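Worksheet for the structure shown next.
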Amino acid sequence: MPHTAPSSTLRTSIIGGGPAGLMAAEVLARGGATVDLYDAMPSVGRKFLLAGVGGMNITHAEARERFLARYGERQAQIAALLADFDAAALREWIHGLGIATFVGSSGRVFPSDMKAAPLLRAWLRRLRELGVNIHTRHRWLGWQPDGSLRLATPEGERSIASEATLLALGGGSWARLGSDGAWVPLLEARGIPVAPLRPSNCGFEVAGWSTTFAERFAGAPVKPVSIALEDGTPRQGEFVITAHGVEGSLVYALSAEIRERIARGGSATVRLDLLPQKSLEQVEAALRKPRGSKSLSNHLRGRLGLDGVRAGLLRELSDTATRADPTRLAAAIKALPLRLLRPRPLDEAISSAGGVPFEALDERLMLRELPGVFCAGEMLDWEAPTGGYLLTACFASGRAAGLGMLDWLGNRRR
Ligand SMILES: Cc1cc2nc3c(=O)[nH]c(=O)nc-3n(C[C@H](O)[C@H](O)[C@H](O)COP(=O)(O)OP(=O)(O)OC[C@H]3O[C@@H](n4cnc5c(N)ncnc54)[C@H](O)[C@@H]3O)c2cc1C
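At the far end of the sequence shown sits residue 417, using this note's numbering, and the numbering has no gaps.
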């Protein structure tokens, strides 16, 4: 059933019903366009819903400069997107859906019930009211030679003509939720350069925990602790031991830098401070106190409160000679080297680095080589730590692309 656009309406297609695609749909529908949104999965917003399972952290309340710095090399491009729709505007928009938000003690912003489902429900209701047509189980397969979109549907393959198309296909992690990165060769075949998708906000593997350590501590949170890259500033927080290595918020915060160091040098060493609230001198002084007949474990627990997984890490990552010498032991407790060998696979990561580079897009997020085709969301080449920065940039880029499509279509009509 090929669609033929009535000349009076602006007929647009969106491929991908994540936060970026849905936001573009709202902007386009409000701008008077006819919007058909296609998603390969049986329902839209699956990754968004999963992001809400452990507490939907939708944005961050920190000052603009600090916020933008989270986007590293791409902060200039993300700043341009957020100029029109920043964290405060996103919160207002959420409130407009009847969902209250609150700022947590870390500055992270959450919907008041911490869940994504009520927000998505209210949003889909609004999109239906705006006339957005959502077609699930429609997988985009690329383009026909005449430029129409190829879609695999439950009724077989269809070709859809579209005046302007947004690709909002997500990154390459958690493929079972829909964003599988299968779009990369489709764009490359049309001459669009795509930076390889790489894991971001991901866990890392170590050379191998001892069986005793892995069996006892896999899943254990390590806190408080701080981690520093060899020449970097320590960051305090929490991470988790896994069967293969480490993961969790503190590791994710450093994941881009760790991943790049591994790519350059084959491995990356981080230093763990197991007692971040105590100075080296305090630790050494405590260790020098007479221990009598007490075991080292009891001495560490009694004098320094170091036990459980943190004491386990110390045993696992230090040698007998270090543990026998109070000066060396204190140094190890304050800067325990942990060598990371490789990131965990992309599919397990929270998000992807890589994707369509901003250089391939104009300021409206339209592909320079494919006029009328726009891109938004995680499929663009930027990355950010967890903390709400991912979703904020996905929403803002979806909005920018929607406005860009209206502008481009309007110019064509004129
Ligand atoms: C476990 C987890 C927790 C997270 N927690 C947070 C958090 O708390 N805060 C935060 O900011 N971010 C979080 N994120 C990241 C955030 O969910 C993503 O960055 C965001 O969903 C990306 O939005 P998007 O619209 O670009 O892509 P997606 O949400 O991935 O949506 C892309 C859509 O495109 C569809 N699609 C893909 N290919 C095709 C095709 N060929 N044809 C048709 N449809 C297709 C997919 O089915 C999917 O629905 C989390 C991610 C994970 C995995």
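Even glycine gets a Cβ: it sits at the ideal position worked out from N, Cα and C.
The structure displayed is predicted, hence computed values, not measured ones.
Taking all protein chains shown into account, H63 has 16 or more neighbouring C-beta atoms within 10 Å of its C-beta and is therefore buried. A check of alpha carbon separations from Q239 across K281, R306, A192 identifies K281 as the nearest. Between the region 205-213 and the region 360-378 there are fewer than three C-beta pairs closer than 8 Å, too few to call the two in contact. Assignment of alpha helix (DSSP H) within the region 272-310, counting only whole runs of 4 or more residues, yields 283-291, 299-307 in chain order. For P346, there is no enclosing alpha helix (DSSP H); the residue is found in the beta strand (DSSP E) stretching over 339-346. It is roughly 8 Å from the alpha-carbon of T37 to the alpha-carbon of G134. For D276 and D234, the gap between their C-alpha atoms comes out near 14 Å. Counting only the Cα atoms, W186 lies some 10 Å from V359.
According to DSSP, Y41 shares a beta bridge with I18, H138. Taking C-beta separations shorter than 6 Å and ignoring five residues to either side along the sequence, the partners of Q80 in its chain run F361, following chain order.
For the pair R306 and V312, the Cα-to-Cα distance works out to about 17 Å.
With contacts defined by Cβ atoms closer than 8 Å, L409 and G34 form a contacting pair. Looking from the CA of L170, the closest CA among A23, V30, A103, E319 belongs to A23. As far as DSSP is concerned, L100 takes part in no beta bridge.
The closest heavy atom of ligand 1 lies 7 Å or more from the beta carbon of P114.
Three or more Cβ pairs closer than 8 Å define a contact, and the region 122-138 meets that threshold against the region 46-66. Buried is the label assigned to K337, since at least 16 other Cβ atoms lie within 10 Å of its Cβ.
Excluding sequence positions up to five before and after M26, its CB lies within less than 6 Å of the CB of F398, G401, R402, all in the same chain and listed in chain order. Annotation: the continuous beta strand (DSSP E) that includes K226 extends over 224-232. Per DSSP, the continuous beta strand (DSSP E) segment holding P199 begins and ends at 198-203.
In the three-state reduction of the DSSP assignment, E160 falls in the strand class, which pools E and B. For I265, the enclosing alpha helix (DSSP H) covers residues 258-268.
The alpha-carbon separation between G194 and R49 amounts to approximately 30 Å.
Its chain contains R193, G194, I195, A363 as the residues whose beta carbon lies nearer than 8 Å to that of E372, once the 5 sequence neighbours on both sides are disregarded; these appear in chain order. Cβ neighbours of G145 within its own chain (closer than 6 Å, five residues either side excluded): R153, L189. With a threshold of 16 other beta carbon atoms within 10 Å, A72 falls short and is exposed. Where L13 is concerned, there is no enclosing beta strand (DSSP E), because DSSP gives it neither an H nor an E. S176 and P199 do not touch by the CB rule: their CB atoms are close to 14 Å apart, not below 8 Å. When DSSP states are grouped into helix, strand and coil, T168 belongs to the strand group.
When Cβ pairs closer than 8 Å are counted between the two stretches, the region 221-233 is seen to touch the region 241-248, the count reaching three or more.
For C397, the distance from the CB to the nearest heavy atom of ligand 1 is below 7 Å.
The beta-carbon separation of R142 and A43, rounded to 4 Å, stays under the 8 Å limit for a contact. For the pair W126 and L303, the Cα-to-Cα distance works out to about 53 Å.
Buried is the label assigned to F113, since at least 16 other Cβ atoms lie within 10 Å of its Cβ. In the three-state reduction of the DSSP assignment, Q239 falls in the strand class, which pools E and B.
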